[in-house]
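Presented below is the structure to which this report refers.
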Ligand SMILES: [Zn+2]
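In the numbering used here, the protein residues as written are 1 to 349.
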């Protein structure tokens with residue numbers, strides 16, 4: 001192999017898995033504030049499929065490399081880099097922010113309005129390659145004992161769930177939480193984090209097998225919302241009290257039920273709407289129960305830092321379904337597309 005080249009899974013146009021190609025591309029050169037990371041692990045996300053198929057309104061330049069959840073070792077640094085040095089083991093925060101807009105300046109980086117904001121693997125080349133470049137300020141240094149595979153599992157699913165429950169909903173020990181879509185990547189993270197916080201966890205999912213998995217991962221009660229009206233089940237299970245927090249990302253299909261499931265003073269936190277965004281809100285519940293609806297967008301650096309510390313102290317272990325070499329990354333993407341997974345897929349280039 002030519003020393004200026006790296007193996008990568010690239011695509012040159014939008015489409016299905018057939019547009020993916022294992023090839024060699026030039027190793028990118030870090031700018032003065034960037035680091036070059038040798039990728040040791042890159043987790044797959046549904047986002048990788050959406051980016052490849054084409055997200056309306058986003059314009060990729062080709063060839064493109066997806067994969068936003070990356071950990072590895074710093075092998076090169078730009079001339080102005082002070083945050084890391086060669087040899088450092090790092091978890092890479094995939095969110096690229098401008099660092100100078102009014103939101104970035106007060107630390108609200110996930111609300112960045114700078115035109116360069118985006119994500120590794122989405123607007124920028126990601127980690128389904130031997131190397132990736134990222135701003136050095138995006139590095140979170142990993143302790144020696146920390147696993148690259150576990151670190152790579154964290155940002156997109158676990159940090160999103162962390163921000164929803166801990167930063168936005170301010171979940172307290174002893175409170176009750178309903179986690180919807182509890183067996184998917186995000187929902188699993190929600191169940192684990194809520195359990196870690198000492199909350200009473202109600203998990204809603206759709207099959208017996210998934211209900212069993214949710215129990216194993218920290219849910220105290222499970223509801224099959226393919227078969228029962230989950231807000232009625234919550235009402236019965238909580239003695240007509242409702243839950244303090246609803247972890248919502250399903251959208252239209254569950255929105256009205258989520259609101260009905262809340263106790264007086266309850267908070268619903270949402271980060272997405274996979275079944276549709278034009279849901280109905282019965283406003284009477286908002287004022288009569290003093291309910292709050294909280295939006296949550298991705299995560300900020302401190303969310304990912306808090307989460308990774310918890311993982312590295314051994315208090316939370318991200319669930320990994322399988323670890324595959326880069327050559328088999330397409331198999332991993334297909335398994336994810338077919339929902340044939342019970343945890344993250346990690347690629348090790
Ligand atoms: Zn900004």
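Backbone N, C-alpha and C fix where the C-beta goes; we use that ideal spot for every residue, glycine too.
Next item on the list: May I ask you to list the residues that DSSP assigns as paired with residue 5?
Entry: If you number the chain shown from 1, residue 5 lands on position 5. Bridge partners of residue 5: 26.
Item checked: Span of the beta strand (DSSP E), counted from its first residue to its last, around residue 436 -> The question about residue 436 has no answer, for the chain in this structure spans 1 to 349.
Check: Taking buried to mean at least 16 other C-beta atoms within 10 Å of its own C-beta, is residue 12 buried or exposed?
Finding: The sequence position of residue 12 within the chain shown is 12, counting from 1. Burial call: exposed.
Margin query: Measuring only the C-alpha atoms, how far is residue 229 from residue 251?
Written below: As a first step, residue 229 must be located in the chain shown, where it is residue number 229. As a first step, residue 251 must be located in the chain shown, where it is residue number 251. A direct Cα-Cα distance of roughly 16 Å separates residue 229 from residue 251.
Margin query: Taking a contact to mean a Cβ-Cβ separation below 8 Å, would you say residue 299 touches residue 143 in this structure?
Written below: Counted from its first residue, the chain shown places residue 299 at position 299. Counted from its first residue, the chain shown places residue 143 at position 143. Taking 8 Å as the Cβ cut-off, residue 299 and residue 143 do not qualify as a contacting pair.
Next item on the list: Give the single residue among 79, 292 and 25 whose Cα lies nearest to the Cα of residue 261.
Entry: Within the chain shown, residue 261 is the residue found at index 261, counting from 1. Among 79, 292 and 25, the Cα nearest to that of residue 261 belongs to 292.
Checklist line | Check whether residue 8 and residue 128 have beta carbons under 8 Å apart | finding: What you label residue 8 is simply residue 8 of the chain shown in a count that begins at 1. What you label residue 128 is simply residue 128 of the chain shown in a count that begins at 1. Going by C-beta atoms, residue 8 is nearer than 8 Å to residue 128.
Note to self: Here's the rule I'm using: 16 or more other beta-carbon atoms within 10 Å means buried, otherwise exposed. How should residue 80 be labelled?
What the structure shows: Against the chain shown, residue 80 aligns to sequence position 80. By the neighbour-count rule (16 or more Cβ atoms within 10 Å), residue 80 is not buried but exposed.
Check: For ligand 1, is there a heavy atom less than 7 Å away from the beta-carbon of residue 103?
Finding: Here residue 103 corresponds to residue number 103 of the chain shown, with the count starting at 1. Yes, the Cβ of residue 103 comes within 7 Å of a heavy atom of ligand 1.
Next item on the list: Report yes if the CB atom of residue 247 is closer than 8 Å to the CB atom of residue 269, and no otherwise.
Entry: As a working mapping, residue 247 is identified with position 247 in the chain shown. As a working mapping, residue 269 is identified with position 269 in the chain shown. Result yes, Cβ atoms of residue 247 and residue 269 sit closer than 8 Å.
Next item on the list: Going by DSSP, name the residue or residues bridged to residue 160.
Entry: Within the chain shown, residue 160 is the residue found at index 160, counting from 1. Beta-bridge partners of residue 160 (DSSP): none assigned.
Next item on the list: Classify residue 1 as buried or exposed, calling it buried when 16 or more other Cβ atoms lie within 10 Å of its own Cβ.
Entry: Translated into positions along the chain shown, residue 1 becomes position 1. Bear in mind that a pLDDT of 44 at residue 1, under 50, signals an unreliable position, so the model cannot answer this.
Check: In this structure, does DSSP put residue 218 in helix, strand or coil?
Finding: As a working mapping, residue 218 is identified with position 218 in the chain shown. Residue state, collapsed to three classes: coil.
Item checked: Other residues of its chain near residue 31: CB distance less than 7 Å, five sequence neighbours each side excluded -> Residue mapping note: residue 31 aligns to position 31 of the chain shown, counting from 1. Cβ neighbours of residue 31 beyond the five flanking positions: 78.
Notebook entry, point to check: If you measure from the CB of residue 113, is any heavy atom of ligand 1 nearer than 7 Å?
Noted result: The count along the chain shown starts at 1 and reaches residue 113 at position 113. Within the cutoff, so yes.
Notebook entry, point to check: ligand 1 heavy atoms versus the CB of residue 99: any closer than 7 Å?
Noted result: In the chain shown, residue 99 corresponds to position 99, counting from 1. Yes.
Next item on the list: Take the Cβ of residue 71 as the centre, count every other Cβ of all protein chains shown within 10 Å, and call the residue buried at 16 or more, exposed below.
Entry: Here residue 71 is taken as the residue at index 71 of the chain shown, counted from 1. Buried: at least 16 other Cβ atoms inside 10 Å.
Next item on the list: Under 6 Å Cβ to Cβ from residue 62, same chain only, skipping five residues before and after it: list those, please.
Entry: As a working mapping, residue 62 is identified with position 62 in the chain shown. Within the same chain, residue 62 has close Cβ partners 12.
Margin query: Following a CB-centred definition, is residue 367 positioned closer than 7 Å to any heavy atom of ligand 1?
Written below: A question about residue 367 goes unanswered here, because the residues of the chain that appear run from 1 up to 349.
Check: What three-state label does DSSP hand residue 12 in the structure shown?
Finding: Position 12 of the chain shown, counting from 1, holds the residue named residue 12. Residue 12: coil per DSSP, three-state reduction.
Next item on the list: Could you tell me whether the segment 122-139 touches the segment 41-61, using the rule of 3 or more Cβ pairs below 8 Å?
Entry: yes
Next item on the list: Count the other CB atoms, across all protein chains shown, that sit within 10 Å of the CB of residue 56; report buried if there are 16 or more and exposed otherwise.
Entry: Here residue 56 refers to the residue found at position 56 of the chain shown. Exposed: under 16 other Cβ atoms inside 10 Å.
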